[in-house]
Every structure is written in C-alpha cells, then in structure tokens.
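Residue numbers (our numbering), protein chains in the order written: chain Y, 1 to 152; chain E, 153 to 407.
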C-alpha cells in the first residue's frame, strides 16, 4: 500500500484552469475530495517548474496578483524531494534514466517527468498525472503500479 | 554567520520601520523632548514616499527608490528609538505593531487572496523579528548611523536581502490607503507585491544564515481545505493564457 499520492505538474496546471470544473470534471471532483483529507503533495520539481512559470509571468509584466496567488498555493503544499535519506532519490532517478535508455526500443522521459517519477518512487507514493504520453511510457517500462489512474 | 551577513541583518533589523506613519509618530512621541523636536519632520517625509507608492505606476525602480528613502528617513528616528527601548524592546514593539496593523489591513482588503497575502507577509515579518531576537550579537545591537552614509546602500537595497524592508514599506503604503479609505485594488496589489518580496527576503536571510520559522496559517488538519481556497483564488486571478505559460515553463531538458 502506498503512502499516498503525488500529483505532477500537469495535474496542478489543469487544476488551476478557470474552466477546470467543466473541462476536467473527473479530475477536479477527485481532487476536491482528496485534498481536504490528504492535502496537496507535489515534487520539488513541480515547485521549481511552477516558480519558473511564475517568474515568466512576472517578467511579462503580468503583475503581482497572479504570482502571489500561485505562491499562496505552493506554501500550503507538501513538497517532497530527492535528497532525503542520503540522496537515495537521485540514485532512483539514475536507475530510471538507465531503464529508459536501455529499454528496447528506448523510452524518452523529459528530465522534469523523470525526476517527478523518481520522487514518487522514493516516497512510495502513487503518481497522479494527466499526461497520457507519460502514462503510456511508464506502462512500457513496467511502472504501471506506480500510477494512479483516474476514470475517463 | 559571516561578519558581512551579520552587518546586513543588523542593518535590516534595526532599520525596519513601523507599519504606519501613525505608529512611527507614536514611537517618536516617547522620546525625550529634545530628540523629539529634531524628528518632527520624519513622518511627513515618509508620507510623501508612501503617496508615490499609492499614486504612481508601480515598478521595481519606484519600489526601490521609495524603500530606500523611507529606510533613510525612518532610520533617523529609529536610531533614537532603539537607543531608548534597546534592541529587544524595539523588536518586541514592532512585533506588536505588525500584529495590530495586519489585522486592520486585512479588514480593508477586497478579496480573500489579497488578505491571505497580507497575513503571510505579517507572519513573515514577525518570524523575522523573532529570529533576529535569537541571534545574540544582534540582540544587543543598535542602529549604526554610519551605515546610512555608505555609498553602496542604494545598491544593497536592490538585492533580495532588502526584500523584507521593501515588503514593510509596500504594506505601509497599503495601510495608508486603508487609513484614507482609498483604492482597495491598489492596496491589494501592494499587499500581493509585499508577500512576494518578503518571500524572497526570507529565502535570502536563510542563505545568510538566519533561519526564519513561520507561524502556520492555521491548524495543520485544515491545510487541505486551505489548498482548495488557494486554488479558487488562483483561478479567479489567472487568465486563459496563463496556465499555458505555466506549462511552457516546464522542465524539458537539464541544460
């Protein structure tokens, strides 16, 4: 039994859409039910990715309001990294990269996705993603047990 | 903590202005008459800077210029106040002021997101003050007027270390709007900017060796409910293209 869920950046991005309730009702209902009980758990990579996005908005002169709202959300999240327990998460990430590279045919994960998946492995959490390509690639690699699939 | 870091934090700690001109005036009123007389112009000078933050288009240059000006003006009064109260007494007085002014500002702000930003900034200020009180070298410090003569002070106020001071000055401007029952949206913008600035400032202080422990926003078992509130507030602020911009900023390759 896993220790809970880790939602990836694609999920957080969908969740933040103004039309999220109508565009992604299954995901939103699931999160609305989960989060009050378990809170929002993300990888440090997601924190980094969202902060990159926030900085991008600020430098486009988008004003402080949007950035502050996202920062307020990130402050309430539980952020998990790869450094704990002697940096063992980084070894898991390296193993995952090697598994991708040596799989026949090879499987390509973006660096961000790879590190988020390693974070889920490290903390024994099920990964929640709406990225169908990532889901397919993880299944190809034999990591389907890591995924928490939402009903279509 | 290095000597350079201690000097930076020292300057920051003893130069943190109170959150309203009214509070500064009240502290100045506690000084002996001879010192008080020499400082009567300070609140007026600070008010002129806050007016710029209330009325002019907000930019990094404007915020830096006003912060530096408020810092220099208020420091002249604060040197005497710190000397009278002692560093711990001064920081404790500031902590009380921040709690009270924070509550008043929250009542004025127009939306829950801006109120959350203001609460965060206030908690961060109090956290910084408490952290400073735990550093023995700083507890006994007083403001060194020679710091104000340093030619690089203006340059120093542009970096993240000054984020906490910038945030205090931004909230002073927001509070001055509330006192005049002015433009709520402008006050909200200032509060949001203050929360971003103080966040950077606290991170920078950690790099200097001053770890700031923040009071939680509320009970930990309600954290998930607060996440839902934050998501609603973010959705209300973000426009259709913004989420796409967040996605575009994702990490593809490490370079």
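Each residue gets a CB set at the ideal place from its N, CA and C atoms; glycine is no exception.
Where the alpha helix (DSSP H) containing residue i begins and where it ends
i: residue 260 of chain E; result: 239-260
i: residue 277 of chain E; result: 264-285
i: residue 128 of chain Y; result: Unbroken run through residue 128 of chain Y is the beta strand (DSSP E), 126-128; no alpha helix (DSSP H).
i: residue 79 of chain Y; result: Counting along the chain, residue 79 of chain Y falls outside any alpha helix (DSSP H), though it belongs to the beta strand (DSSP E) covering 78-80.
i: residue 309 of chain E; result: Unbroken run through residue 309 of chain E: none, as it is neither H nor E.
i: residue 119 of chain Y; result: 111-122
i: residue 202 of chain E; result: 194-207
i: residue 184 of chain E; result: First-last for residue 184 of chain E: undefined, no H or E at that position.
i: residue 31 of chain Y; result: 25-38
i: residue 63 of chain Y; result: That residue, residue 63 of chain Y, is in no alpha helix (DSSP H); it is neither H nor E in DSSP.
i: residue 140 of chain Y; result: 132-140
i: residue 102 of chain Y; result: 84-102
i: residue 392 of chain E; result: 392-400
i: residue 376 of chain E; result: 375-389
i: residue 342 of chain E; result: 336-360
Closer than 9 angstroms at the beta carbon, the chain Y residues around residue i
i: residue 392 of chain E; result: 17, 18, 19
i: residue 167 of chain E; result: Within 9 angstroms Cβ-Cβ: nothing; residue 167 of chain E doesn't reach chain Y, min ~24 angstroms.
Minimum Cβ-Cβ distance from residue i to chain Y less than 7 angstroms
i: residue 292 of chain E; result: Since pLDDT at residue 292 of chain E reaches only 48, below the 50 mark, its modelled position is unreliable, and no value is offered.
i: residue 237 of chain E; result: no
i: residue 269 of chain E; result: yes
i: residue 401 of chain E; result: yes
i: residue 382 of chain E; result: yes
i: residue 130 of chain E; result: Since the first residue of chain E shown is 153 and the last is 407, residue 130 of chain E is not available in this structure.
i: residue 279 of chain E; result: no
i: residue 405 of chain E; result: yes
i: residue 409 of chain E; result: Beyond the ends of chain E as shown, which are 153 and 407, falls residue 409 of chain E; an answer cannot be given.
i: residue 375 of chain E; result: yes
Same chain, Cβ closer than 7 angstroms to residue i, neighbours up to 5 away in sequence not counted
i: residue 12 of chain Y; result: 42, 46, 50
i: residue 335 of chain E; result: 329
i: residue 229 of chain E; result: 176, 180, 191, 194
7 angstroms Cβ cutoff, residue i in contact with chain E
i: residue 40 of chain Y; result: yes
i: residue 7 of chain Y; result: no
i: residue 110 of chain Y; result: yes
i: residue 35 of chain Y; result: yes
i: residue 56 of chain Y; result: yes
i: residue 4 of chain Y; result: no
i: residue 142 of chain Y; result: no
i: residue 53 of chain Y; result: yes
Chain-ordered neighbours of residue i on chain Y, where CB pairs are closer than 8 angstroms
i: residue 345 of chain E; result: 64, 68
i: residue 341 of chain E; result: 63, 64, 65
Range of the contiguous beta strand (DSSP E) that encloses residue i
i: residue 43 of chain Y; result: 41-43
i: residue 6 of chain Y; result: 5-7
Under 7 angstroms by beta carbon: chain Y residues contacting residue i
i: residue 386 of chain E; result: 16, 69, 70, 73
i: residue 351 of chain E; result: 71
i: residue 389 of chain E; result: 65, 66, 69
i: residue 348 of chain E; result: 64, 67, 68, 71
Beta carbon of residue i nearer than 7 angstroms to that of residue j
i: residue 315 of chain E; j: residue 353 of chain E; result: yes
i: residue 317 of chain E; j: residue 192 of chain E; result: no
i: residue 250 of chain E; j: residue 278 of chain E; result: yes
i: residue 253 of chain E; j: residue 171 of chain E; result: yes
i: residue 77 of chain Y; j: residue 118 of chain Y; result: no
i: residue 201 of chain E; j: residue 234 of chain E; result: no
i: residue 53 of chain Y; j: residue 398 of chain E; result: yes
i: residue 339 of chain E; j: residue 326 of chain E; result: yes
i: residue 283 of chain E; j: residue 350 of chain E; result: no
i: residue 343 of chain E; j: residue 270 of chain E; result: yes
i: residue 17 of chain Y; j: residue 395 of chain E; result: yes
i: residue 386 of chain E; j: residue 109 of chain Y; result: no
i: residue 214 of chain E; j: residue 67 of chain Y; result: no
i: residue 265 of chain E; j: residue 69 of chain Y; result: yes
i: residue 56 of chain Y; j: residue 319 of chain E; result: no
Residues of its chain near residue i, where Cβ-Cβ distance is below 8 angstroms and the 5 sequence neighbours each way are ignored
i: residue 135 of chain Y; result: 129, 147, 149
i: residue 378 of chain E; result: 369, 370
i: residue 38 of chain Y; result: 4, 5
i: residue 112 of chain Y; result: 9, 45, 49
Contacts that residue i makes with chain E (C-beta to C-beta distance below 7 angstroms)
i: residue 13 of chain Y; result: 395, 398, 399
i: residue 80 of chain Y; result: None at all; the shortest Cβ gap to chain E is about 15 angstroms.
i: residue 50 of chain Y; result: 398
i: residue 47 of chain Y; result: Those within 7 angstroms of residue 47 of chain Y in chain E number zero; the least Cβ separation is about 11 angstroms.
i: residue 32 of chain Y; result: 380
8 angstroms Cβ cut-off: residues of chain E touching residue i
i: residue 77 of chain Y; result: 379
i: residue 86 of chain Y; result: In chain order: nothing, as chain E lies at least about 22 angstroms away.
The ligand GDP heavy atom lying under 6 angstroms from the CB of residue i
i: residue 20 of chain Y; result: Of ligands this structure carries none, so the ligand GDP is not represented either.
Partners in chain E for residue i, counting only beta-carbon separations shorter than 9 angstroms
i: residue 131 of chain Y; result: Chain E residues near residue 131 of chain Y: none, gap ~10 angstroms exceeds 9 angstroms.
Cβ-based neighbour list, residue i, same chain, cut-off 6 angstroms, excluding 5 preceding and 5 following
i: residue 90 of chain Y; result: 82
i: residue 126 of chain Y; result: 2, 5, 148
Using Cβ-Cβ distances below 7 angstroms, what residues of the region 185-216 of chain E are close to chain B?
Any reference to chain B falls outside this structure, whose protein chains are Y and E.
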